[in-house]
Amino acid sequence: MLDNSARKELEQRKDAFLGMVSHELKTPLASLKLQTQLLLKKLEKQDMPNMEVVRARMETQLNAVTRLVDELLDLSRIQAGKLEYAQDTVDLGEMLEEVVDMIQDMHTTHTIAIHHALSPAVVVGDRDRLARVFLNVLSNAIKYAPDAPLINVALTTSLEAVTISVRDQGIGIPRELQGRIFERFYRAVTPQQRAFPGLGMGLYIVEEIVRHHGGTIRVESEMGKGSTFYVTFSLAASQEEVTRSIEEEQ
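Numbering (full-length UniProt numbering), first residue to last: 1 to 250.
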């Protein structure tokens, strides 16, 4: 048995190793993406059959590996307390449309229906990291609902808050496990969920990003009927920050 100090040291070494490996993978992966793009352009000129299918598969796999490396890097930064955040004025509705378009291009087997609020939903935060939150949640919705092609995304506002919900009709999450899915490296143990790949990092990082922005994330789910994730941010505090940001720019 390891005592607390030995366990803590082991955790620190593991986090440092993950950070080092992720950093070392970043450069060759960027080079691989560039070379792949150049190769695809050359192949397009040869009018090869099924070229679009080949392109889509290559881009999907490269994007998946890139996302994995990014998650490993973010994980090591979170553990070290060094995850940096920009301060942008973010229109959540506009950002959601961009994320949905990106996901839709990568997953043509599913349809993502997005429903907007009539009033604007503007927050101050890191636009790229907020986009990562919904990229991850939407990717999970598609992954765990392979036979249910409709994903519903809704953005609703009240006087004080904005909530974005992502609803799928997939395999669902057992009630007793719903409180653990945001834990680092946690993987659900049901036979249905074991069939899907993953390292249990995505939702942990998602919750950290949401929490940093003063928000909350929760899930409602029923086995065999799907899951709905709710991400909520306070609009009152955000609007004050937006006003201050605009005044400072002037």
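Each residue gets a CB set at the ideal place from its N, CA and C atoms; glycine is no exception.
Neighbourhood of residue i by C-beta distance below 7 Å, restricted to the same chain and skipping five residues each side
i    : result
E218 : For the record, residue 218 in the displayed sequence is Arg; it is not Glu. Contacts found: Y230.
L96  : I114, F134, V153, L155 and I164
Q178 : V219 and S221
L83  : D74 and R77
F233 : V123, A161, V162, H213, G214 and G215
D105 : none
E71  : M201, G202 and I205
Q46  : none
Burial state of residue i (16 or more Cβ within 10 Å)
i    : result
T109 : exposed
V99  : buried
Y144 : buried
L138 : buried
V162 : buried
M223 : exposed
F185 : exposed
Y204 : buried
T111 : exposed
E44  : exposed
L38  : exposed
N140 : buried
V166 : buried
Limits of the alpha helix (DSSP H) - the one that residue i falls within
i    : result
R129 : R127 to K143
G93  : L92 to M106
E207 : G202 to H212
Beta-carbon proximity list for residue i, same chain, < 6 Å, skipping 5 on both sides
i    : result
L40  : R55
D128 : none
A236 : Here the model assigns A236 a pLDDT of 49, short of 50, so the residue's position is not dependable and the matter cannot be decided.
N136 : G202 and V206
L150 : T111
K225 : G172
A30  : none
I142 : H107 and H110
I103 : L138
Collapsed DSSP secondary structure at residue i in the structure displayed
i    : result
Y85  : coil
Y186 : coil
F30  : With the sequence shown as reference, residue 30 is identified as Ala, and Phe is not the correct amino acid for it. The answer is helix: DSSP assigns A30 an H, G or I state.
A148 : coil
I164 : strand
A121 : coil
S158 : coil
N63  : helix
Residue range of the beta strand (DSSP E) that includes residue i
i    : result
I112 : T111 to H115
S221 : T216 to E222
G226 : G226 to S234
Supposed contact pair residue j and residue i - C-beta distance, whole angstroms, cut 8 Å
i    : j    : result
I181 : R132 : Their Cβ separation, rounded to whole angstroms, is 17 Å, which puts I181 and R132 out of contact at 8 Å.
T89  : V122 : 6 Å
D147 : S227 : Contact doesn't hold; Cβ gap of about 15 Å is too wide.
L62  : T36  : 6 Å
H213 : G125 : 5 Å
D91  : P120 : 7 Å
Cβ-based neighbour list, residue i, same chain, cut-off 8 Å, excluding 5 preceding and 5 following
i    : result
A117 : G93, L155, T156, T157 and V162
K33  : L62 and T66
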